[in-house]
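Just below is one structure, and these are the notes that go with it.
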Amino acid sequence: MSREKILAAVKQNKPAPVPLPEMLSFAYPVTDLTAAFTAAITKAGGATNIVKKGQPLTPAIKALFPDAQRIADFIEGDTTTNAALLQQPALLDVVVLKGQLGVAENGAIWVTDKDCVERVLPFITQHLVLVIDQPTLVGNMHQAYAVMGQQNPDYGVFIAGPSKTADIEQSLVIGAHGPRSMQVFIVEP
Amino acid sequence: MHTKPIPHAEAASAFLENKERVQWHDETLWFVRYKRDKIVNEIPEWEQLRDLASQIKDHTLSQLDQYLGQFEAAAIANGVTVHWAADAADHNRIVHSILAKHKAQKIVKSKSMLTEECHLNEYLETQGIEVVDTDLGERIVQLNKEMPSHIVLPAIHIKKEEVGEIFHQHLGTEKGASDPLYLALAAREHLRQKFLAADIAITGVNFAVAETGAIVVCTNEGNADLGAHLAKVHIACMGIEKLIPRTEHLSVFLRMLARNATGQNITAYSSHFRKPQPGSEMHIVIVDNGRTTQLGREAFRNSLKCIRCGACLNTCPVYRRSGGHSYHNATAGPIGAILAPNLDMRKNADLPFASTLCGSCTDVCPVKIDIHNQLYQWRQVLTQEGHVPAAKAAGMKVMAGVLASPARYSFAGKWARKLLRWFPSLALNKTFNPWAKQRDLPAPPKESFREWYQKNGGSK
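Chains as they are written, first to last, in this note's numbering: chain A, 1 to 189; chain B, 190 to 649.
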């Protein structure tokens, strides 16, 4: 059995115990998290839109994607339309999802399988819109994992910008396999 | 696989013949190093992060058996099937058995250097199964029937005009096209069809969290996720060294990985897979393939801390000017050169010599592997074990004798100066003295400093 063989070899060959370091907590020196987040996601090829709580998003999304036919909006859209659109996820133009939190230092948004509805949605859509509440912004990844704590969803992903590649002569191309663009709505209280 | 590959120095000579390409390769990779420096310098606690990352990995390796057990138990509780593979052949058989069970014919694979190391694609081809690599760079080299030349930038050795030709032949793009946007979009359409039709998706693993049984996969293209979520079965292949103890440790590694690799803050996607998608299967194959042996080599064990960021390749003056393929190993560059001899000393004995020992690799390593020191130590091990070419070993022996004795050193110096004056071709003859291939010796001085000092001011 490979399992026993490997574990026995590890046991025999591993070095003397080394203690696990205390996790340090690194503060994030910037106070305007919205501006820092916007700068980071813009650098990664995304964009932000700041809105007030209660302000409808649909008109703004329509304005951003005037040619989009199939918009699956899981925040303001109606269930019947979304269910119909989910029949053919490969044809989706825009998907609108909720994000759990945003990280100012790198522009990443934590999205769980519950937020995704179907895990493939944030990847298969041509354009992705993520909506986060401004108070959920944290400074860096240490703070993000501290907030996430032990929630450990079945699946979760940090999304930081549209899909991209630089595999041809290091030339940046936005829209590799996944979304060709990413818009973030930051909802201020 | 059984024949001895072309030695690094010889392959590098061939690479160096195209001067323009060498310069381009060199500059492109140096630019990635530059971007890395720029973004790393924005993080004031970078050195503390390196310390933490290194200590977390050291700790994990020192209790790896417990963490592997903990990870396995958690993964099984999550509904994941866990497999253990002692070596590459074992790994390939396991993956094939899963494919066979599902009668899978359409396989998509995202980047996994482990499956390259195990030659999974070639093995599955012999079983009549085609695997489509979905990372754009990997797809390019796959269509061109090559291996990746870099662990993060697989097609870094290929020019856009060549990509245009490869895509023209295989994907039917316009002849002569070389616009990266046009070519990447053509690949997007081509690979979308593959994703939508795939029966099974294979991915690599960047980090495996012992306490939760989750695996984390980082990509910019989103190809790992498209594959894994669309197919009914997800197989993730990982080396035993991918483990970290806790979820919170990801904060350290995810802050470092992309910054050090490509100069980005973070990859576009950092996906945490813990449970299979409802109605789907998830398998994790845990692979040894020489890693436990490396764990037992005290001088070399901390190479297992590597998180495959590729920074040591980008910074290495030898890698940049010799190209990844000259290393004849799935992982090229400095890190490849300290991992490869563990897999096969005879075959890879040349690789630790493909270095100037300048130490730049060690300086940029996010987990503080003493790479250049290990290269130096491998040279000694390989020489002792008789894996170094006889001429080189004999030459070293003579040099060691000369350098160990002041009398012999002074005698040899005197005669060398004379001989070189009388027969300059001795040193400049490029077949006799390979060191002179890209170098010219200055005219030998009449006397050594020691002789001059004795004549001109030496009191005793």
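Just so you know, even glycine gets a beta-carbon here, dropped at the ideal spot from N, CA and C.
Could you name the residues of chain A that Ala-403 of chain B contacts, counting a contact when the two beta carbons are closer than 8 Å?
-> As a working mapping, residue 403 of chain B is identified with position 214 in the second sequence. Residues of chain A with a Cβ closer than 8 Å to the Cβ of Ala-403 of chain B are, in chain order, Asn-152.
Using the beta-carbon of each residue, which ones in chain A are nearer than 7 Å to Phe-462 of chain B?
-> Within the second sequence, residue 462 of chain B is the residue found at index 273, counting from 1. Those are Tyr-155, listed as they occur along chain A.
With DSSP collapsed to three states, give me the class of Cys-426 of chain B.
-> One-based indexing of the second sequence puts residue 426 of chain B at position 237. Looking at Cys-426 of chain B - three-state DSSP - the assignment turns out to be strand.
Whole-angstrom distance between Arg-510 of chain B and Lys-536 of chain B, CA atom to CA atom = What you label residue 536 of chain B is simply residue 347 of the second sequence in a count that begins at 1. What you label residue 510 of chain B is simply residue 321 of the second sequence in a count that begins at 1. Straight-line Cα distance between these residues: approximately 22 Å.
Answer with yes or no whether the minimum CB distance from Phe-123 of chain A to chain B is below 8 Å.
-> Locating residue 123 of chain A in the first sequence gives position 123, where the first residue counts as 1. For Phe-123 of chain A, the answer is yes, since a Cβ of chain B falls inside 8 Å of its Cβ.
Which of the three DSSP states, helix, strand or coil, is assigned to Tyr-223 of chain B?
-> Start at 1 with the first residue of the second sequence, and residue 223 of chain B comes out as number 34. Helix.
Range covered by the alpha helix (DSSP H) that runs through Tyr-516 of chain B | Translated into the one-based positions of the second sequence, residue 516 of chain B becomes position 327. Where Tyr-516 of chain B is concerned, there is no enclosing alpha helix (DSSP H), given that its DSSP letter is neither H nor E.
Check whether the Cβ atoms of Gly-512 of chain B and Phe-220 of chain B sit closer than 8 Å, and answer yes or no.
-> Reading the second sequence from its first residue, position 323 is the one you call residue 512 of chain B. Reading the second sequence from its first residue, position 31 is the one you call residue 220 of chain B. In this structure, Gly-512 of chain B keeps its C-beta atom at 8 Å or more from the C-beta atom of Phe-220 of chain B.
Rounded to whole angstroms, what's the CA-CA distance from Met-182 of chain A to Phe-65 of chain A? Just pull it up for me.
-> Here residue 182 of chain A refers to the residue found at position 182 of the first sequence. Here residue 65 of chain A refers to the residue found at position 65 of the first sequence. Roughly 11 Å separates the two Cα atoms.
Could you list the residues in the region 321-347 of chain B with a C-beta less than 9 Å from some C-beta on chain A, going in chain order?
-> Per Cβ criterion, the list reads Thr-323, Asp-324, Leu-325, Gly-326, Glu-327, Arg-328, Ile-329, Leu-342, Pro-343, Ala-344, Ile-345, Ile-347.
Cβ atoms of Gly-161 of chain A and Ala-457 of chain B: under 8 Å apart, would you say?
-> Taking the second sequence and counting its residues from 1, the one referred to as residue 457 of chain B is at position 268. Taking the first sequence and counting its residues from 1, the one referred to as residue 161 of chain A is at position 161. Yes, Cβ-Cβ distance for Ala-457 of chain B and Gly-161 of chain A is below 8 Å.
Mind pulling the chain A residues with CB within less than 7 Å of Asn-412 of chain B?
-> Counting from one through the second sequence, the residue named residue 412 of chain B turns up at place 223. Residues of chain A passing the Cβ test: His-177.
Under 8 Å by beta carbon: chain A residues contacting Lys-349 of chain B = Residue 349 of chain B sits at position 160 when you count from the first residue of the second sequence. In chain order: Ile-168, Glu-169, Ser-171.
Endpoints, the beta strand (DSSP E) within which Val-352 of chain B is located | As a working mapping, residue 352 of chain B is identified with position 163 in the second sequence. Here Val-352 of chain B belongs to no beta strand (DSSP E); instead the alpha helix (DSSP H) covers 349-360.
Since His-369 of chain B meets chain A, which of its residues come closer than 8 Å, beta carbon to beta carbon?
-> On the second sequence, residue 369 of chain B is found 180 positions in, with the first residue counted as 1. Checking the displayed sequence, the identity of residue 369 of chain B turns out to be Pro instead of His. The answer, in chain order, is Ile-168, Glu-169, Ser-171, Val-173.
Taking Gln-134 of chain A as part of the beta strand (DSSP E), name the residues at either end of that continuous run.
-> Working through the first sequence from its first residue, we reach residue 134 of chain A at position 134. Run containing Gln-134 of chain A: none; DSSP gives neither H nor E here.
Excluding the five sequence neighbours on either side, which residues of its own chain have a C-beta within less than 8 Å of the C-beta of Ile-228 of chain B, listed in chain order?
-> As a first step, residue 228 of chain B is located in the second sequence; it is residue number 39 there, counting from the start. Same-chain partners within the cutoff: Arg-448, Gly-452, Gln-453, Asn-454.
Does Tyr-458 of chain B come within less than 8 Å of chain A when only Cβ atoms are used?
-> As a first step, residue 458 of chain B must be located in the second sequence, where it is residue number 269. Cβ-Cβ to chain A under 8 Å: yes for Tyr-458 of chain B.
Please state whether DSSP places Met-23 of chain A in a helix, a strand or coil.
-> Position 23 of the first sequence, counting from 1, holds the residue named residue 23 of chain A. Look at Met-23 of chain A here: in three-state DSSP terms it is coil, with no helix or strand label.
Determine the DSSP secondary structure at Met-190 of chain B, reduced to helix, strand or coil.
-> Indexing the second sequence from 1 puts residue 190 of chain B at position 1. Here Met-190 of chain B scores only 46 on pLDDT, less than 50, and its place in the model should not be relied on; the value that follows carries that caveat. Note: Met-190 of chain B maps to coil in three-state DSSP.
Using 8 Å as the Cβ pair cut-off and three pairs as the minimum, do the region 164-176 of chain A and the region 96-116 of chain A touch?
-> no
Does His-248 of chain B get closer than 8 Å to chain A when you measure Cβ to Cβ?
-> Here residue 248 of chain B corresponds to residue number 59 of the second sequence, with the count starting at 1. Yes, contact with chain A.
Just mark Gln-12 of chain A as buried or exposed, buried being the case when its beta carbon has 16 or more other beta carbons within 10 Å.
-> Taking the first residue of the first sequence as 1, we reach residue 12 of chain A at position 12. By the 10 Å Cβ count, Gln-12 of chain A comes out exposed.
Give me the Cα-Cα distance between Met-190 of chain B and Pro-578 of chain B, rounded to the nearest whole angstrom.
-> As a first step, residue 190 of chain B is located in the second sequence; it is residue number 1 there, counting from the start. As a first step, residue 578 of chain B is located in the second sequence; it is residue number 389 there, counting from the start. Only weak support exists for where Met-190 of chain B lies, its pLDDT of 46 falling under 50; the value from the coordinates is given anyway. Spanning the two alpha carbons is a distance of roughly 20 Å.
Arg-3 of chain A at chain B interface by Cβ criterion, 8 Å | For the purposes of this step, residue 3 of chain A is identified with residue 3 of the first sequence, where counting begins at 1. Closer than 8 Å to some Cβ of chain B, the Cβ of Arg-3 of chain A qualifies, so yes.
The region 271-287 of chain B: positions lying closer than 7 Å to chain A by Cβ | Within the region 271-287 of chain B, the qualifying residues are Trp-273, Ala-274, Ala-275, Asp-279.
Just the C-alpha distance for Ile-355 of chain B and Gly-326 of chain B, rounded to the nearest angstrom, thanks.
-> Here residue 355 of chain B refers to the residue found at position 166 when the second sequence is read from its first residue. Here residue 326 of chain B refers to the residue found at position 137 when the second sequence is read from its first residue. Roughly 12 Å between the two C-alpha positions.
Can you list, in chain order, the residues of its chain whose CB lies under 6 Å from that of Val-352 of chain B, leaving out five sequence neighbours each side?
-> Taking the first residue of the second sequence as 1, we reach residue 352 of chain B at position 163. Ile-329, Leu-372, listed in sequence order.
For Leu-439 of chain B, count neighbouring C-beta atoms within 10 Å of its own C-beta (all shown protein chains included) and say buried if the count is 16 or more, exposed if not.
-> Position 250 of the second sequence, counting from 1, holds the residue named residue 439 of chain B. Answer is buried; the Cβ neighbour count reaches 16.
Start and end residues, beta strand (DSSP E) containing Val-320 of chain B = Position 131 of the second sequence holds residue 320 of chain B. Residues 319-322.
Using the C-alpha atoms, what's the distance from Asn-267 of chain B back to Ile-391 of chain B?
-> Residue 391 of chain B sits at position 202 when you count from the first residue of the second sequence. Residue 267 of chain B sits at position 78 when you count from the first residue of the second sequence. Near 19 Å, if we compare the C-alpha coordinates of Asn-267 of chain B and Ile-391 of chain B.
Considering only residues of the same chain and omitting the five flanking positions on each side of Gly-159 of chain B, which have a CB-CB separation below 6 Å?
-> Because residue 159 of chain B is not part of the residues shown, which for chain B are 190 to 649, the question remains open.
Cα-Cα separation between Asp-272 of chain B and Ala-262 of chain B, rounded to whole angstroms = Taking the second sequence and counting its residues from 1, one reaches residue 272 of chain B at position 83. Taking the second sequence and counting its residues from 1, one reaches residue 262 of chain B at position 73. Reading off the sequence, residue 272 of chain B comes out as His, not Asp. Answer to the nearest angstrom: the Cα atoms are 12 Å apart.
Looking only at its own chain, which residues have a Cβ that is under 6 Å from the Cβ of His-576 of chain B, when we skip the five neighbours before and after it?
-> For the purposes of this step, residue 576 of chain B is taken as residue 387 along the second sequence, with counting starting at 1. Closer than 6 Å at Cβ, skipping near neighbours: Met-534, Arg-535, Ala-538.
Run down chain B in chain order and give the residues with a C-beta less than 7 Å from the C-beta of Arg-119 of chain A.
-> In the first sequence, residue 119 of chain A corresponds to position 119, counting from 1. What Arg-119 of chain A touches in chain B: His-418, Gln-466.
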